[in-house]
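**Q** Chains as they are written, first to last, in the working numbering: chain B, 45 to 154; chain G, 3 to 115.
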Amino acid sequence: QKEVEQDPGPLSVPEGAIVSLNCTYSNSAFQYFMWYRQYSRKGPELLMYTYSSGNKEDGRFTAQVDKSSKYISLFIRDSQPSDSATYLCAMSLGGRKLIWGLGTSLAVNP
Amino acid sequence: NAGVTQTPKFQVLKTGQSMTLQCAQDMNHNSMYWYRQDPGMGLRLIYYSASEGTTDKGEVPNGYNVSRLNKREFSLRLESAAPSQTSVYFCASRNQQGNYGYTFGSGTRLTVV
Numbered sequence: 045q046k047e048v049e050q051d052p053g054p055l056s057v058p059e060g061a062i063v064s065l066n067c068t069y070s071n072s073a074f075q076y077f078m079w080y081r082q083y084s085r086k087g088p089e090l091l092m093y094t095y096s097s098g099n100k101e102d103g104r105f106t107a108q109v110d111k112s113s114k115y116i117s118l119f120i121r122d123s124q125p126s127d128s129a130t131y132l133c134a135m136s137l138g139g140r141k142l143i144w145g146l147g148t149s150l151a152v153n154p
Numbered sequence: 003n004a005g006v007t008q009t010p011k012f013q014v015l016k017t018g019q020s021m022t023l024q025c026a027q028d029m030n031h032n033s034m035y036w037y038r039q040d041p042g043m044g045l046r047l048i049y050y051s052a053s054e055g056t057t058d059k060g061e062v063p064n065g066y067n068v069s070r071l072n073k074r075e076f077s078l079r080l081e082s083a084a085p086s087q088t089s090v091y092f093c094a095s096r097n098q099q100g101n102y103g104y105t106f107g108s109g110t111r112l113t114v115v
């Protein structure tokens with residue numbers, strides 16, 4: 045079993061939809077949780093960061109961490125074609141190395 | 003622009019050839035990383051450097067060597083390229099404070115024939 049599981053999709057939604065992306069993990073010691081966005085032929089870029097449990101909101105993006113269920117989510121409201129990308133979750137104990145999900149491919153159709 | 007710069011962007015090698023991938027960051031980050039990204043395999047850590055003068059193996063170090071030349075630069079060398087090393091290679095550096103997030107370069111697409 046991988047430490048971090050993420051459904052690779054692809055996920056296809058119409059413009060304006062609410063998108064939910066999820067990861068599950070097995071190591072209850074993880075404390076730092078991140079979401080990265082990767083456009084085609086580009087490097088990943090940090091989108092959202094959460095420490096421990098709870099929610100964090102930034103514009104149309106909301107990140108949630110449920111440590112009791114070992115489950116993290118990224119919600120995208122009013123999705124736009126420019127949100128079409130691969131979304132990777134990543135987490136760590138607070139040390140140097142991140143543990144990565146495989147990424148979910150999202151297409152937002154006009 | 004501040005960030006991570008990788009060169010070259012594209013490269014084709016013949017089996018057995020050697021090459022060095024270059025990476026430089028101008029954000030004064032201590033930690034730097036080399037990843038490879040393959041379809042269905044995700045990002046896999048090859049080597050990392052926690053600080054200038056130190057390097058450590060990641061998940062898939064075989065066939066690679068690294069050099070942390072100074073705080074800014076971290077290079078990845080393929081001594082004898084193999085088709086299994088065909089991949090997209092990303093260099094990243096890590097913020098020491100705040101969110102500890104990684105900043106990635108734009109990648110090197112390497113094909114070994």
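Yeah, the Cβ is synthetic: ideal placement off N, Cα and C, and Gly gets one too.
Out of curiosity, what's the CA-to-CA distance linking S177 of chain B and S149 of chain B?
**A** Past the boundaries of the shown model lies residue 177 of chain B; chain B is included only from 45 to 154, so the question cannot be answered.
**Q** With a threshold of 6 Å on Cβ separation, who are the neighbours of P58 of chain B within its own chain once the five nearest residues in sequence on each side are excluded?
**A** Here residue 58 of chain B corresponds to residue number 14 of the first sequence, with the count starting at 1. These residues qualify, in order along the chain: N153.
**Q** By a C-beta neighbour count over all protein chains shown, 10 Å radius and 16 as the cutoff for buried, is Y93 of chain B buried or exposed?
**A** Here residue 93 of chain B is taken as the residue at index 49 of the first sequence, counted from 1. So Y93 of chain B ends up on the buried side.
**Q** Among B:G98, B:P125, B:G145 and B:A129, which residue has its Cα nearest to the Cα of S136 of chain B?
**A** Your numbering for residue 136 of chain B matches position 92 in the first sequence. Here the closest residue by C-alpha is B:G145.
**Q** Considering only residues of the same chain and omitting the five flanking positions on each side of Q19 of chain G, which have a CB-CB separation below 7 Å?
**A** Here residue 19 of chain G corresponds to residue number 17 of the second sequence, with the count starting at 1. Counting only Cβ-Cβ distances below 7 Å, and skipping sequence neighbours, we find A83.
**Q** Check each candidate in G:R38, G:R79 and G:R74 and name the one with the smallest Cα separation from N32 of chain G.
**A** For this step, residue 32 of chain G is matched to residue 30 along the second sequence. Closest option to N32 of chain G, Cα to Cα, is G:R74.
**Q** Relative to the C-alpha of A26 of chain G, which candidate in G:T113, G:L78 and G:I48 has its C-alpha closest?
**A** Within the second sequence, numbered from 1, the residue matching residue 26 of chain G stands at position 24. Here the closest residue by C-alpha is G:L78.
**Q** Rounded to whole angstroms, what is the Cα-Cα separation between T56 of chain G and N30 of chain G?
**A** What you label residue 56 of chain G is simply residue 54 of the second sequence in a count that begins at 1. What you label residue 30 of chain G is simply residue 28 of the second sequence in a count that begins at 1. Taking the straight line from one Cα to the other gives about 16 Å.
**Q** When you compare only the Cα positions, how much space is there between D110 of chain B and I116 of chain B?
**A** Residue mapping note: residue 110 of chain B aligns to position 66 of the first sequence, counting from 1. Residue mapping note: residue 116 of chain B aligns to position 72 of the first sequence, counting from 1. Those two C-alpha atoms are separated by around 6 Å.
**Q** So the beta strand (DSSP E) K111 of chain B belongs to, where does it begin and stop?
**A** Within the first sequence, numbered from 1, the residue matching residue 111 of chain B stands at position 67. For K111 of chain B, no beta strand (DSSP E) encloses it, and the DSSP letter there is neither H nor E.
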